[in-house]
Amino acid sequence: MKRLITLLFTVAVVAVFAGTAFATDICSNTPLETANFNVEITSGVNLRTVSCMEESSVVAVLSKGEVVHVIGKTEGWHKIQRADGTTGWIWETFVTSTTKPFTPAGSSEPVVNEPLYDTAGHLYEDAIRFIYDQEIVQGYPDGSYKPNTTINRAELVKIVVEAVFDSEFESFGDTSCFTDVKAGEWYTKYICFAKNMSIVEGYADGSFGPSKGVNFVEALKIVMVGYGDEFAVSDPWFKSMVEAASTSNIIPLDVKGFDQVFTRGQMAELITRNIKYKEGFLDAYLGDTADQRVTYEMLDWQ
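In structure tokens:
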């Protein structure tokens, strides 16, 4: 019932604000993105008629802690609906994600954020949905996935280790395997287990950099070694690995550089492609892009 109410509310929102209603209250040429999620106001802010300061007038003043529903986004602005039905624009820096429900006017059924709500229309939506359904990732408590956020080294190791292994890593939580990976941290058992399994090696100074953003070749090694993929020794160390990944066609098509910082969306695509390749369904998954692939020669240092 809750899902039905949410769907009906979404359809109603789109119907009310589609077409010229959206077109007339956007100040720039940036297109509007339809949205459907709840946020909480972080400080008092004016609700405005259009998505800019100069040409807008104030509709209402929102209070800190108020939960509103986002129905559109454009160039740093959110178009929101309040519980009383009032709509308008606020700057996105005045909101934060929330698990709190929003109850629209005229409804007794609260609307909550659907899982992975921020992946709709994303380049890697299908991949994200796949690894979510496979219970490889869970997303954040507010229902978001944050596909464009950089994934760090500890997060990727955790995802791969939990996806591939059972519970062998649990006994590694009380160890210290790098200078910056001490016993008792949330990531210790994953990183120290991964080191023990030769999935990760760390840096020459003895550190691992758990909070450091993982780049493409680092991510590729963690995924390929974690999933048991083989590649030859080469110089540079990642050359044969990238070539093997290219042959299997598991590299996301928007990867342009060896040291390109990897996002959560790209991580989902890399893991999905790898799983589909092993299962023999990669071409079916890729569809019209099955004949496109990233090669070693196409990449460079950014």
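Everything in the sequence shown is counted per my numbering, starting at 612 for the first residue and increasing by one.
Ideal Cβ placement from N, Cα and C applies to all residues, glycine included.
Nearest neighbour of residue i, chosen from the options [CA to CA]
i	options	result
Leu-881	Met-808, Phe-741, Gly-784 and Glu-746	Phe-741
Gly-676	Gly-839, Val-866 and Val-650	Val-650
Pro-863	Gln-903, Val-722 and Met-852	Gln-903
Arg-884	Asp-870, Leu-910, Met-909 and Asp-840	Asp-840
Asn-860	Thr-900, Ile-701, Val-748 and Ser-718	Thr-900
Thr-858	Ala-815, Ala-694, Tyr-907 and Phe-849	Tyr-907
Ile-701	Met-878, Ser-667, Ile-747 and Lys-769	Ser-667
Val-836	Ala-774, Lys-867 and Lys-793	Ala-774
Asp-777	Thr-786, Lys-793 and Ile-747	Ile-747
Pro-715	Leu-734, Thr-707 and Gln-692	Gln-692
Proximity of residue i and residue j at Cβ, strictly below 7 Å
i	j	result
Trp-688	Ser-662	yes
Asp-791	Ser-809	no
Gly-876	Pro-758	yes
Phe-869	Trp-912	yes
His-680	Phe-705	no
Lys-684	Glu-644	yes
Glu-686	Ser-639	yes
Tyr-728	Phe-648	yes
Gly-813	Phe-789	yes
Ile-739	Ala-646	no
Residue i classed as buried or exposed, judged by whether at least 16 other C-beta atoms fall within 10 angstroms
i	result
Lys-887	buried
Ala-895	exposed
Thr-730	buried
Met-664	exposed
Glu-829	buried
Gly-934	The structure shown has nothing for residue 934, since the chain only spans 612 to 913.
Gln-749	exposed
Pro-821	buried
Phe-633	Legend: pLDDT at Phe-633 = 45, less than 50; position of this residue unreliable, no value from coordinates given.
Ala-856	buried
Rounded distance between the beta-carbons of residue j and residue i, thought under 8 Å
i	j	result
Thr-709	Val-672	Actually they are not in contact, since the Cβ atoms of Thr-709 and Val-672 sit about 19 Å apart, beyond 8 Å.
Val-656	Gly-699	The Cβ separation is near 10 Å, so there is no contact.
Gln-871	Asn-826	6 Å
Leu-910	Val-844	Not really, about 19 Å apart at Cβ, beyond 8 Å.
Val-771	Val-866	Incorrect: roughly 18 Å between the Cβ atoms, too far for contact.
Inset, instruction - Would you check if the segment 757-777 and the segment 796-804 touch, i.e. whether three or more CB-CB distances between them fall below 8 Å? - result: Per the Cβ contact rule, the segment 796-804 is in contact with the segment 757-777 (3 or more Cβ pairs under 8 Å).
Legend entry - Segment contact flag, the segment 747-755 with the segment 721-735, C-beta cutoff 8 Å, min 3 pairs: Enough Cβ pairs lie closer than 8 Å, so yes.
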